[in-house]
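Q: Here the sequence shown is numbered in this note's numbering, starting from 264 and rising by one per residue. Don't be surprised by glycine CBs; every beta carbon is placed ideally from N, CA and C. Pasting a structure below so you can have a look.
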Amino acid sequence: MRITIDALEAYLDKLYGGRGNEQGLFMKLVEEIGEVAEILNKRTGRKASEGSDLQAELGRELADVIHYAAAIAAVNKLDLNDIILEKDRSAAVKYHHEINLESFLLECCDQLLPGE
Numbered sequence: 264m265r266i267t268i269d270a271l272e273a274y275l276d277k278l279y280g281g282r283g284n285e286q287g288l289f290m291k292l293v294e295e296i297g298e299v300a301e302i303l304n305k306r307t308g309r310k311a312s313e314g315s316d317l318q319a320e321l322g323r324e325l326a327d328v329i330h331y332a333a334a335i336a337a338v339n340k341l342d343l344n345d346i347i348l349e350k351d352r353s354a355a356v357k358y359h360h361e362i363n364l365e366s367f368l369l370e371c372c373d374q375l376l377p378g379e
């Protein structure tokens with residue numbers, strides 16, 4: 264099963280509902296970012312690791328970061344899909360990238376559609 268940004272935002276808006284939760288969601292986001300930093304420190308040896316699966320832990324913590332970032336967007340009725348595309352388009356121009364996300368997706372999806 265694949266997740267879309269729109270579906271994730273709809274789910275999180277239903278789960279958390281309303282802007283009253285945005286401060287708490289932000290605090291959770293910061294906490295999760297700290298946990299990502301801790302794992303990255305362990306991977307580089309700057310912090311001791313007790314033989315845990317750091318790759319799996321990193322994946323779980325990054326999922327939490329995405330969860331809370333998307334939840335903040337959802338309760339504020341922000342369309343992350345459009346915002347991400349526009350932000351990437353601007354960055355591609357600013358940093359002279361050869362391709363932007365929208366172009367990549369068009370090429371990628373075009374290759375994935377059989378018979379066209």
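DSSP three-state label for arginine 309, please.
A: DSSP places arginine 309 in coil when its eight states are reduced to three.
Q: Determine the closest residue to asparagine 284 out of Asp269, His360, Ala337, with distance taken between C-alpha atoms.
A: Minimum Cα distance to asparagine 284 is reached at Ala337.
Q: Less than 8 Å separating the beta-carbons of isoleucine 335 and leucine 271?
A: The answer is no: Cβ separation not under 8 Å.
Q: Using 8 Å as the threshold, is the C-beta distance between glutamate 295 and glutamate 324 below it?
A: Yes, these two residues count as a Cβ contact at 8 Å.
Q: Within the continuous alpha helix (DSSP H) that includes aspartate 276, where are the two ends?
A: Segment 268-279, the alpha helix (DSSP H) holding aspartate 276.
Q: Throw me the rounded Cβ distance for the asparagine 344 and isoleucine 268 pair, which I believe falls under 8 Å.
A: The Cβ separation is near 5 Å, so the contact holds.
Q: Quick check on glutamate 361 - is its C-beta less than 8 Å from some C-beta in chain D?
A: Included in the structure is just one protein chain, with no chain D present.
Q: Just how far apart, CA to CA, sit valine 299 and serine 315?
A: C-alpha separation (whole angstroms): 14 Å.
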